[in-house]
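Asks: First, the structure itself, so that you have it in front of you.
Protein chains: 4
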Amino acid sequence: MSYKELKREVFEANMELQRRNLVIYTFGNVSQIDRDKGVVAIKPSGVAYEDMKPEDIVVVDLENTVVEGSMRPSSDTKTHTHLYRAFDSIGGVTHTHSTYATAWAQARQSIPCLGTTHADYVHGDITCTRDLTDDQVNGDYEEETGVQITDAYAERDPNAAPMVIVAGHAPFTWGKDAAQSVYHAALLEEIARMAYLTRTLDPHAAVLKQAVMDKHYLRKHGKNAYYGQS
Amino acid sequence: MSYKELKREVFEANMELQRRNLVIYTFGNVSQIDRDKGVVAIKPSGVAYEDMKPEDIVVVDLENTVVEGSMRPSSDTKTHTHLYRAFDSIGGVTHTHSTYATAWAQARQSIPCLGTTHADYVHGDITCTRDLTDDQVNGDYEEETGVQITDAYAERDPNAAPMVIVAGHAPFTWGKDAAQSVYHAALLEEIARMAYLTRTLDPHAAVLKQAVMDKHYLRKHGKNAYYGQS
Amino acid sequence: MSYKELKREVFEANMELQRRNLVIYTFGNVSQIDRDKGVVAIKPSGVAYEDMKPEDIVVVDLENTVVEGSMRPSSDTKTHTHLYRAFDSIGGVTHTHSTYATAWAQARQSIPCLGTTHADYVHGDITCTRDLTDDQVNGDYEEETGVQITDAYAERDPNAAPMVIVAGHAPFTWGKDAAQSVYHAALLEEIARMAYLTRTLDPHAAVLKQAVMDKHYLRKHGKNAYYGQS
Amino acid sequence: MSYKELKREVFEANMELQRRNLVIYTFGNVSQIDRDKGVVAIKPSGVAYEDMKPEDIVVVDLENTVVEGSMRPSSDTKTHTHLYRAFDSIGGVTHTHSTYATAWAQARQSIPCLGTTHADYVHGDITCTRDLTDDQVNGDYEEETGVQITDAYAERDPNAAPMVIVAGHAPFTWGKDAAQSVYHAALLEEIARMAYLTRTLDPHAAVLKQAVMDKHYLRKHGKNAYYGQS
Chain A
1 MSYKELKREV FEANMELQRR NLVIYTFGNV SQIDRDKGVV AIKPSGVAYE DMKPEDIVVV
61 DLENTVVEGS MRPSSDTKTH THLYRAFDSI GGVTHTHSTY ATAWAQARQS IPCLGTTHAD
121 YVHGDITCTR DLTDDQVNGD YEEETGVQIT DAYAERDPNA APMVIVAGHA PFTWGKDAAQ
181 SVYHAALLEE IARMAYLTRT LDPHAAVLKQ AVMDKHYLRK HGKNAYYGQS
Chain W
1 MSYKELKREV FEANMELQRR NLVIYTFGNV SQIDRDKGVV AIKPSGVAYE DMKPEDIVVV
61 DLENTVVEGS MRPSSDTKTH THLYRAFDSI GGVTHTHSTY ATAWAQARQS IPCLGTTHAD
121 YVHGDITCTR DLTDDQVNGD YEEETGVQIT DAYAERDPNA APMVIVAGHA PFTWGKDAAQ
181 SVYHAALLEE IARMAYLTRT LDPHAAVLKQ AVMDKHYLRK HGKNAYYGQS
Chain V
1 MSYKELKREV FEANMELQRR NLVIYTFGNV SQIDRDKGVV AIKPSGVAYE DMKPEDIVVV
61 DLENTVVEGS MRPSSDTKTH THLYRAFDSI GGVTHTHSTY ATAWAQARQS IPCLGTTHAD
121 YVHGDITCTR DLTDDQVNGD YEEETGVQIT DAYAERDPNA APMVIVAGHA PFTWGKDAAQ
181 SVYHAALLEE IARMAYLTRT LDPHAAVLKQ AVMDKHYLRK HGKNAYYGQS
Chain F
1 MSYKELKREV FEANMELQRR NLVIYTFGNV SQIDRDKGVV AIKPSGVAYE DMKPEDIVVV
61 DLENTVVEGS MRPSSDTKTH THLYRAFDSI GGVTHTHSTY ATAWAQARQS IPCLGTTHAD
121 YVHGDITCTR DLTDDQVNGD YEEETGVQIT DAYAERDPNA APMVIVAGHA PFTWGKDAAQ
181 SVYHAALLEE IARMAYLTRT LDPHAAVLKQ AVMDKHYLRK HGKNAYYGQS
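Spelled out as structure tokens, the structure:
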């Protein structure tokens, strides 16, 4: 009962994945953390969006033990909780196999900053992680997927690049809550599509000059930001 | 009368082809077998989806003789019955000319396993068959199309790769019933699209490492599967 | 009054262009001939589909003189009437700037027969015309566009290839009536898209072998056709 | 109160951006000028289309001072007012990050005139501006973006090419009013998409011959235009 609002928000964020055409069938999952209570609400594993109800959302603690819910949580739950433990400023995580972002992941290439659409949301490349080793794959696979992501942020602020692509797999994004992590997933897909079109039109298209990267990111995100209404 | 439920399921599965944007006009056909009765229900030939009714579905035996129905069965019926005779574990077959899967078929290339989206559903390549010989084309063409498919599975479990592309033609997929064969047709189209984008971004993009292929396939399909609710 | 049914059919066929996503704004036009009366009904020039009414359809004779209607006929009318005069078996003509077919026209390449989807509807290449000469452009331009098309069919049956692309411009298609010419426009767009994907995946992808081209075309169109219900 | 009709037109034009799939979330903005009153109505900054109301539209003067409205105007306002000051024949301006036009901007390439779809609306290339210098970026950035655009039109009639792409950024389009500037944004996106497909199919595809460029532009726009109803 006490997790009702958290579960409703996670349910709504998951449904948004489908409305934004970021998933088909049971692909993808979104979670949100309640840091005071130390719990994460997440999509149940393998349930189709059209069949899912708010009460199906599963609540786990940060060690992945189910706290509330009768269904099995997403098979990617350990990756989510790893991210919440490592990045203490984030409140929501989204995983999709959205088409263009996944193509970059399959090509094992970071997405270069080719224009201001990218620079508005991410400061620098959208990193493609390194491949997991065979030991990582055969060990605690979903936990190790999280490790590959956080290793890529050893010297980077997760808020300056709230999206990453896992080599050979697909994207993970995050934000202040579940809804914002989905928003970042949709932006990533559009940025990935523009970058694909640019590089297939000209394989040598250069990255944006640093001054423009800084300008666009900071007019939206710096302390002197002047985009939007607040 | 006795085939009413079978025909309704086949009708619904055919209509799903259109909802999933896998066909236009009269393209495509789906069938399902009732192995106890030894009959296959299939779409009638050349009928548009918007005009089709459940009673238009044609029932044939495994030698392609019409058992019930006033319309002519799909011109691809012999390929379907060939597959049911050769693969005794399958219950449904779908044929489409979905755009990206057909492009791979026209390029006469098997779709390599470039990422986990593919690995989740197919263990290894999605095979492109060999070309039919002129004798096969001028002989019993639709039966021989089935032969080219089953020859490609001489040493492969059809359940580990429930989808194939016929060189110069288009895909066939199968599953435990008509609905699951359509599900596999939709997954194939998405996998084919991701693989197209990956290879046009980088023509030398490498296949996924074997450990990840095994991990993803087995977490969904092996006896130790832990994806989903059962 | 006497052209009411003809105008209604042409109106419906024009509206289908929009439903099939073959046009935006005022792009495209469809016509149909009544050979007994020697008149052609065609879309008015520059009218948006959402504003068009059946009574706006213009009726002209084969020398392009308006016979009925208060609006100016499509600026492409002379191309349509040229085709009706040259190809006496056709009853409808469609012109669009559909995206993929237009890309092939802009690349000035005929669309090769790469698969059975193409072979089902067109026997051989979908021809790209030669460029118009400067004299043709500066002379009776729309009539000369028709000449370029019919020149390409000097030794070819228009019914065996009811679609053509005009170099640097866009496609024209035809059929037994307006509705079938739109059907061919939609098929052309899908065939052009599949061919684009195939050739960008493999620039050297080979054309279909002749035996399969013949088989697929003839199972739908020859006197021994066995596709469909009649 | 006195700007009610102006604001309503600008609101409608902004909403059309979303209906035409030219924007997602808060991307893009449209404005319209009332030259008699010396004011420009424009979208508020960072407001989602689904939440926007006509009364949210902000009215500024040509020096970017807010004249009416409680919200902050678009962060791109200075680019709009720069264009109105420089091009005295235009009445509306649209900015989007539409996908294909943005890909050309990111590739820093002008869009060549490859076919009549382009020639019908733009006489010659769709210019890609030069990069802004670091001083321009770090100075009055949005004003300088306008400068880069008008510099590209030093010897060109803005009405003969009512669309431009800003290097590394995205397109701006204009017209007689807000609605027509959106119309040009939609046409640009389709022209950019066709040009992308043409050049990825054949990187050496040649531009249209001059006679056809002139013919198509002038049959729609010259004093002897014969397209449309007026």
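Chains as they are written, first to last, in UniProt numbering: chain A, 1 to 230; chain W, 1 to 230; chain V, 1 to 230; chain F, 1 to 230. All residues carry an ideal CB built from backbone N, CA and C; glycine is no exception.
(1) Using the three-state DSSP reduction, which class does residue 63/W fall into: helix, strand or coil?
(2) Using the three-state DSSP reduction, which class does residue 224/W fall into: helix, strand or coil?
(3) Can you give me, in chain order, the residues of the region 72–95 of chain F that have a beta carbon less than 7 angstroms from any beta carbon in chain A?
(4) Strictly by DSSP, which residues pair up with residue 171/V?
(5) Looking at the unbroken beta strand (DSSP E) that takes in residue 34/W, where does it start and where does it end?
(6) Would a check of beta-carbon distances place residue 200/F closer than 8 angstroms to chain V?
(7) Give the residues of chain W in contact with residue 31/A, contact being defined as C-beta atoms less than 7 angstroms apart.
(8) Between the alpha carbons of residue 2/A and residue 182/W, how many angstroms are there, rounded?
(9) Starting from residue 126/F, trace the beta strand (DSSP E) in both directions and tell me its first and last residue.
(10) Under a three-way DSSP split, which group does residue 24/F fall into?
(11) Counting pairs of Cβ atoms below 8 angstroms between the region 151–159 of chain W and the region 91–110 of chain V, do you hit three or more?
(12) Would you mind working out which of 133/F, 56/F, 81/F and 9/F sits nearest residue 168/F, comparing C-alpha positions?
(13) DSSP three-state call for residue 99/W: helix, strand or coil?
(14) In terms of DSSP beta bridges, what is residue 41/F paired with?
(15) Of all the residues that make up the region 183–207 of chain W, which are near chain V by a beta-carbon distance shorter than 7 angstroms?
(16) Does the contact criterion of 3 or more C-beta pairs under 8 angstroms hold for the region 88–97 of chain A versus the region 20–28 of chain A?
(17) Distance check for residue 15/A and residue 21/V, CA to CA, integer angstroms please.
(18) For residue 68/F, which three-state DSSP category applies?
(19) Below 9 angstroms between beta carbons is the criterion; list the residues of the region 18–51 of chain F that meet it against any residue of chain A, in chain order.
(20) Roughly how many angstroms lie between the CA atoms of residue 209/V and residue 138/V, to the nearest whole one?
(21) Pull the bridge partners of residue 92/W from the DSSP assignment, please.
(22) Is DSSP giving residue 158/F helix, strand or coil here?
(23) Please report whether the beta-carbon of residue 160/W lies at a distance below 8 angstroms from any beta-carbon of chain B.
(24) Would you please verify whether the beta carbon of residue 211/A is less than 8 angstroms from any beta carbon of chain F?
(25) For residue 275/W, which residues from the same chain have a beta carbon less than 8 angstroms from its beta carbon, with the 5 sequence-adjacent residues on both sides left out?
(26) Can you confirm whether residue 152/F, when its beta carbon is compared against all beta carbons of chain A, has any partner nearer than 8 angstroms?
(27) Can you tell me whether residue 141/V is buried or exposed, with buried defined as 16 or more other CB within 10 angstroms of its CB?
(28) Give a yes or no on whether 8 angstroms exceeds the smallest Cβ distance from residue 169/W to chain V.
(29) Under 8 angstroms between C-beta atoms, does residue 227/V make it to chain F?
(30) Name the one or two DSSP bridge partners that residue 191/F has.
(31) Among the candidates 86/V, 82/V, 41/V and 215/V, whose CA atom is the shortest distance from the CA of residue 71/V?
(32) Name, going along the chain, the residues of the region 113–130 of chain V whose beta-carbon falls closer than 7 angstroms to a beta-carbon of chain W.
(33) Using DSSP with H/G/I as helix, E/B as strand and the rest coil, what is residue 73/F?
(34) Can you find a CB in chain A that lies within less than 8 angstroms of the CB of residue 109/F?
(35) Does the beta-carbon of residue 203/W have 16 or more other beta-carbons within 10 angstroms, so that it is buried, or is it exposed?
(36) Could you say which of 4/A, 76/A, 120/A and 37/A lies nearest to residue 46/F if we only look at CA atoms?
Replies: According to the structure shown:
(1) coil
(2) coil
(3) 72 and 75
(4) 165/V
(5) 29–34
(6) yes
(7) None at all; the shortest Cβ gap to chain W is about 17 angstroms.
(8) 41 angstroms
(9) Residue 126/F -> no beta strand (DSSP E), and no H or E assigned at all.
(10) coil
(11) no
(12) 133/F
(13) helix
(14) 32/F and 59/F
(15) 196, 199 and 200
(16) yes
(17) 27 angstroms
(18) strand
(19) 24, 25, 26, 27, 44, 45, 46 and 47
(20) 42 angstroms
(21) 32/W and 175/W
(22) helix
(23) In summary, chain B is missing from the structure at hand, where the protein chains are A, W, V and F.
(24) yes
(25) The requested residue 275/W does not occur in the structure, where chain W is confined to residues 1 to 230.
(26) no
(27) buried
(28) yes
(29) no
(30) DSSP lists no partner for residue 191/F.
(31) 41/V
(32) 114, 115, 116 and 117
(33) strand
(34) yes
(35) exposed
(36) 120/A
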